[in-house]
Amino acid sequence: MAHYRRVGHVPPKRHTQHRHNDHGGGEGRLYFEELMGEEGFSSDSSLLYHREIPSAIVDSQPWEIPDAATTPNHPLKPRHLKLHDLFPKETWAETDVVTGRRLILGNSDVRLSYVVSAADSPLYRNATGDEIVYIESGTATVETVFGSLEVKAGDYVIVPTSTTHRWLPTGDQPLRAYAIEATGHTAPPKRYLSRYGQFLEHAPYCERDLHGPGDPIQVDGTDVEVLVKHRGSRGLTGTRMTYARHPFDVVGWDGCLYPFTFSVHDFEPITGRVHQPPPAHQVFEGHNFVVCNFVPRKVDYHPLSIPVPYYHSNVDSDEVMFYCGGDYEARKGSGIGQGSVSVHPGGFAHGPQPGAYERSIGVEFFDELAVMVDTFHPLELGEGGLACEDDAYAWTWARQR
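Going by my numbering, the letters in the sequence shown line up with residues 5 to 405, in that order.
See the structure below:
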């Protein structure tokens, strides 16, 4: 995951007494140590020190999570989803980033959702997997049990599994967020890392580009409700847990597992004499899916190069592209624009729109911004995806000829 950090007050040795106003004499009230770790006790972890017992709950009730039902992509076809149609302006003030998400696409490994929000979210914990939330526009403060993150357009916000947090939009514009929810954990691609976890020289970003939370925040309160998304016997389910004291009572923590932000604008694109395939643009990976980003960049410089992608068949994966900035050269004439999602499923050969292949010859720079998710199991359509589909997209390659 990320590199080691130490924030706030922690004892000199782990799993030992840590007391309020402790100066070595063993005086003061004990803090309560919590290990937050992945894969049992066999992977990355952090130790957090709470003022109160972090497991003290006083109530637990069902929570009906947002609609998680999906519909198969059948009959098989490429699709264009217009996300900006999902949230009329009059809904922004009452919509929050957690409960307001609308499911676009999903399978057993990953779920893709979209939301436009101006309301503060409740406290929330996703116990099914890590979340990677891309900020299309707007700003927010994300308060977490580790501390606060300030987020802005172009940021990926990585929230590890079971991190209690809440979203507080700021500024005059609503927050537009594209949520990638894993079933399991996410990380930078292994090929970017040394065997000890340091970013290597050929990686397109490094530790300096990752921004963790600041000092822990202290919030008082009793009977505090937290929405928890978790696994159930029939798939995803939700619970409202009420805690005796506010979870944001951490005085210090250290370790290698914590939320952080990474700006797409800090990704250094890898280019070449001829067209580079999508793995050159990869930024994160999860179980049975990868995340790539396409950023403004110089393009192919072979004298006979064709800078736009060649036509390709997704033999083993579905390809989902979220267009979030610039002018995407290969899609001109298709109806795709800012806020669009294209879905090119396995079993379908796809590529540039008619005319783009020829127009790209001699082009030296692409001004485009897009987030791509490739999955290795078929994706199905969520209610949000079905609600904003452009039914004409599948036939545009034929009709533009």
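Glycine is no exception: its CB is placed at the ideal position from the N, C-alpha and C atoms.
Please read all numbers here as calculations on a predicted model, not as lab measurements.
Can you grab the Cα-Cα spacing for the pair residue 258 / residue 50, in whole Å? 5 Å
Determine which residues share a DSSP beta bridge with residue 443 and list them. Because the chain is modelled from 5 through 405, residue 443 falls outside the range shown and cannot be assessed.
Taking the Cβ atom as the reference point for each residue, do residue 164 and residue 251 lie within a distance shorter than 8 Å? no
Quick one: what's got a C-beta closer than 6 Å to residue 278's C-beta in the same chain, skipping five residues either side? 304, 306 and 309
Please report the distance separating the alpha-carbon of residue 382 from that of residue 282. 19 Å
With distance defined between alpha-carbon atoms, name the residue in 206, 136, 280 and 75 nearest to residue 1. For residue 1 there is no data in the structure shown, the boundaries of the chain being 5 and 405.
Measure the alpha-carbon distance for residue 159 versus residue 130 and round it to whole angstroms. 20 Å
I'd like to confirm the pairing. Which residues does DSSP put opposite residue 117 in its beta bridges? 107 and 183
Could you please give the first and the last residue of the uninterrupted alpha helix (DSSP H) stretch that includes residue 388? 387 to 391
Work out the CA separation of residue 356 and residue 53 for me, nearest whole Å. 53 Å
Spatial distance of residue 299 from residue 45 (CA atoms): 37 Å
Can you give me the Cβ contacts of residue 48 inside the same chain, cut-off strictly under 6 Å, excluding the 5 residues immediately before and after it? 5, 42, 260 and 261
On the three-pair Cβ rule with 8 Å, is the region 366 to 376 touching the region 84 to 98? no
Please determine, among 25, 216 and 59, the residue with the shortest C-alpha to C-alpha distance to residue 39. 59
Residue 87 by DSSP, collapsed to three states: which one? helix
Exposed or buried, which one is residue 96 when buried takes at least 16 other CB atoms within 10 Å? buried
Could you give the first and the last residue of the continuous alpha helix (DSSP H) run that contains residue 362? 360 to 363
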